[in-house]
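**Student:** Supplied in structure tokens, the structure appears directly below.
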Amino acid sequence: MTPNVKQIILTSLLFGPALGQAAELEQQMLRCAVVGDASTRLGCFDVLAKTAAAITVATGTPVAEEVAIAALPVPAAASAKKAPPEAAISRTVQRWELDEASKRGVFTFRPHRDNYLLLANYSSASNDEPFQAFTPGGIKTQHVELTYQLSFKVKLAENLAHSPVDVWFAYTQQSFWQAYNRAASSPFRETNYQPELMAVVPINKTFGGVDFRYLNFGLVHQSNGQTSTLSRSWNRTYVELGVERGKFAVATRVWKRLDNAKSDNDNIDITDYLGHGDIHATYRDNGNEYSLTARRNFGAHHGSLQAGWAFPLAINLKGYVQAFSGYGQSLIDYNYSQKSLGAGFLVDF
């Protein structure tokens, strides 16, 4: 046996398993690279990072070296053929950490609801009535204001009591700022604060082509932090079901108000306008995200629709257009109907 043949055999015995794993990792990296949505693509690479760490432990060879050994050019046609569609990687699973590959442990921050800034949000009718007692000079709110929402969640417990249940805390803050109303010293017209406590149960079952992802049992408080006649608040428990089909995702909530028996409540009839649940639907395609949120009280014939379009500008940054029609754009406006249209930016991470 010649020295060259011996060298080839020895190399195969030493690096054969690593080459196989590295080649598989190379293909998975190609699959992640073609995902259009930035946050979904990042989640895909997060999963690969965990896989790489596991390979390093198992083989004793850093995965970067394995990839360097196995890195052979892959024809573009072959890459395109093996790349999965964007919908093959579930954003819902990533955001709620519904499988072992997506879990990040406790006390890691994730987005909850949309995080956006509307530089100009035009309302068809400003709601001045709640503020009349506090503006004796007759200064009114403007129709154009700056609106933003900040929202995050953090996991408090994972696999609670050896079950698949994860416990989350979330916080959402939405502010309506009269930034361009210099005559009134640019006040914050309304800010809503919403902490939540949630127990999330993964389902991960498919029926009729629909992927049932999770059940969420939540407790939520929402308030505008005001006193006297400007005070608005309510407490609810809710159940939420999250499903997906391809690029569509739908979250349906049904809630029960807990404090409706208080006669001194400033918004005792809030469910007449905000209903007993909502539906939030999204469609994602090639980095674009189209969303629709609907509420309706069929007995009182009140409700609202909110539509959004986010389009890619840079990594984790999207342009954002939002339209609203109906009651309850904010708590101070819970019984006030208006139409609004705003434009700005959305941070997607």
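The sequence shown lines up with residues 0 to 348 when you count with numbering that gives the first Met the number 0.
Glycine included, each C-beta is placed from N, C-alpha and C at the ideal position.
As an exercise, report each continuous beta strand (DSSP E) stretch of at least 3 residues that is fully enclosed by the segment 132-181, in chain order.
**Tutor:** You should have 143-156, 165-176.
**Student:** I need the boundaries of the alpha helix (DSSP H) containing Asp332, first residue and last residue.
**Tutor:** Taken as a continuous stretch (DSSP letters only), Asp332 belongs to no alpha helix (DSSP H), as it is neither H nor E.
**Student:** Could you give the DSSP three-state label for Gln93: helix, strand or coil?
**Tutor:** If DSSP states are grouped into helix, strand and coil, Gln93 belongs with the helices.
**Student:** How far does the beta strand (DSSP E) with Leu257 in it reach, from first residue to last?
**Tutor:** From DSSP, Leu257 is part of no beta strand (DSSP E); its letter is neither H nor E.
**Student:** Could you check whether Leu145 and Asn120 sit closer than 8 Å to each other, using their CB atoms as the reference points?
**Tutor:** Going by C-beta atoms, Asn120 is nearer than 8 Å to Leu145.
**Student:** Under 8 Å Cβ to Cβ from Leu159, same chain only, skipping five residues before and after it: list those, please.
**Tutor:** Closer than 8 Å at the Cβ level, and outside the excluded window around Leu159, lie Asp165, Val166, Ala198.
**Student:** Just confirm the distance between the C-beta atoms of Gln172 and Thr190, as a whole number of angstroms; I'd bet it's less than 8 Å.
**Tutor:** Yes, Gln172 and Thr190 are in contact; Cβ-Cβ is about 7 Å, under 8 Å.
**Student:** Do you know whose CA, among Leu229, Val242, Asn203, His275, lies nearest Pro129's CA?
**Tutor:** The shortest C-alpha separation from Pro129 is found at Leu229.
**Student:** Strictly by DSSP, which residues pair up with Gln337?
**Tutor:** Answer is Gly325, bridged to Gln337.
**Student:** How would you label Lys152, buried or exposed, when you count the other beta carbons within 10 angstroms and need 16 or more for buried?
**Tutor:** Counting Cβ neighbours within 10 Å, Lys152 comes out buried, since at least 16 surround it.
**Student:** Only counting the same chain, and skipping five residues up and downstream in sequence, which positions put a Cβ closer than 6 Å to that of Lys139?
**Tutor:** So the qualifying residues of the chain are Asp127.
**Student:** Following the continuous beta strand (DSSP E) through Thr226, name the residue where it begins and the one where it ends.
**Tutor:** Taken as a continuous stretch (DSSP letters only), Thr226 belongs to no beta strand (DSSP E), as it is neither H nor E.
**Student:** Measure from the alpha carbon of Ser336 to the alpha carbon of each residue in Phe323, Ala342, Gly343, then state which is nearest.
**Tutor:** Minimum Cα distance to Ser336 is reached at Phe323.
**Student:** Can you check which of these residues, Val209, Asn296, Asp45, Pro194, is closest to Ser101 by C-alpha distance?
**Tutor:** Among Val209, Asn296, Asp45, Pro194, the Cα nearest to that of Ser101 is on Asp45.
**Student:** How many angstroms separate the CA atom of Asn203 from the CA atom of Ala299?
**Tutor:** For Asn203 and Ala299, the distance between alpha carbons rounds to 36 Å.
**Student:** Alpha carbon to alpha carbon, how far is Leu291 from Tyr319? Give it in angstroms, no decimals.
**Tutor:** About 13 Å.
**Student:** Should the segment 299-313 be regarded as contacting the segment 231-250, the criterion being three or more beta carbon pairs within less than 8 Å?
**Tutor:** Too few Cβ pairs lie closer than 8 Å, so no.
**Student:** Measuring only the C-alpha atoms, how far is Gln225 from Tyr213?
**Tutor:** Cα-Cα distance, rounded: 35 Å.
**Student:** Tell me whether Phe175 is buried or exposed, calling it buried when 16 or more other Cβ atoms sit within 10 Å of its Cβ.
**Tutor:** It is buried - the Cβ of Phe175 has at least 16 other Cβ atoms within 10 Å.
**Student:** Which residue or residues does DSSP assign as beta-bridge partners of Asn285?
**Tutor:** Asn285 pairs with nothing; no bridge assigned.
**Student:** I'd like to know whether the C-beta atoms of Ser329 and Ser122 end up nearer to each other than 8 Å.
**Tutor:** For Ser329 and Ser122, no; Cβs fall outside 8 Å.
**Student:** Quick check: the Cα distance between Ile331 and Ala48, rounded to an integer number of angstroms?
**Tutor:** C-alpha separation (whole angstroms): 46 Å.
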